[in-house]
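Counting from 6, one number per residue, gives the positions in the sequence shown under this note's numbering.
What follows is one structure encoded as structure tokens, with my remarks underneath.
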Amino acid sequence: MLLGELNPGDRQKIMTLCTIDVHARDVVSKLIAQKVGSCLLRFVNNDHLRHSWDEEQNHCFINICDTQFRYSYEYLGNTPRLVITPLTDRYFIS
Numbered sequence: 006m007l008l009g010e011l012n013p014g015d016r017q018k019i020m021t022l023c024t025i026d027v028h029a030r031d032v033v034s035k036l037i038a039q040k041v042g043s044c045l046l047r048f049v050n051n052d053h054l055r056h057s058w059d060e061e062q063n064h065c066f067i068n069i070c071d072t073q074f075r076y077s078y079e080y081l082g083n084t085p086r087l088v089i090t091p092l093t094d095r096y097f098i099s
């Protein structure tokens, strides 16, 4: 899609989705390369922002470290995203 004709707003949306998806792919690849087992997986995976859907509450939750927030559908706008690095990951955690 990025190689095709897109208006500036749509191009920005697709670029943002690509940035976030590539980061998620890199996190999973890192866990696989480190051969992380189930207990260690929980520890290593805790420092990444995760979204989950709770069927009982019929709502989305955001998890990071040992904290859980109810997702309130905050509008972040259609803005550019920096490449997500370990440094920017630490920034989001703090």
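Note that the Cβ used here is the ideal one computed from N, Cα and C, for glycine as well.
Note the first and the last residue of the continuous alpha helix (DSSP H) segment covering residue i.
i	result
Ile69	Note, Ile69: premise wrong, no alpha helix (DSSP H); beta strand (DSSP E) at His64 to Ile69.
Thr21	Pro13 to Ala38
Give me the DSSP bridge partner(s) of residue i.
i	result
Gln73	Asn68
By how many angstroms is the C-alpha of residue j removed from the C-alpha of residue i?
i	j	result
Asp94	Asp71	15 Å
Phe66	Val27	22 Å
Val88	Cys23	10 Å
Pro13	Ile19	10 Å
Thr21	Asn63	27 Å
Thr90	Asp31	10 Å
Pro85	Gln73	26 Å
Asp59	Lys40	28 Å
Glu79	Ser34	29 Å
Leu92	Ala29	15 Å
Under a Cβ-count criterion, where at least 16 other Cβ atoms within 10 Å of its own Cβ denotes burial, should residue i be classed as buried or exposed?
i	result
Ile37	exposed
Within this structure, are the beta carbons of residue i and residue j separated by less than 8 Å?
i	j	result
Ser77	Asn68	no
Arg129	Leu8	The question about residue 129 has no answer here: the residues shown for the chain are numbered 6 through 99.
Terminal residues of the continuous beta strand (DSSP E) containing residue i?
i	result
Arg55	Arg55 to Asp59
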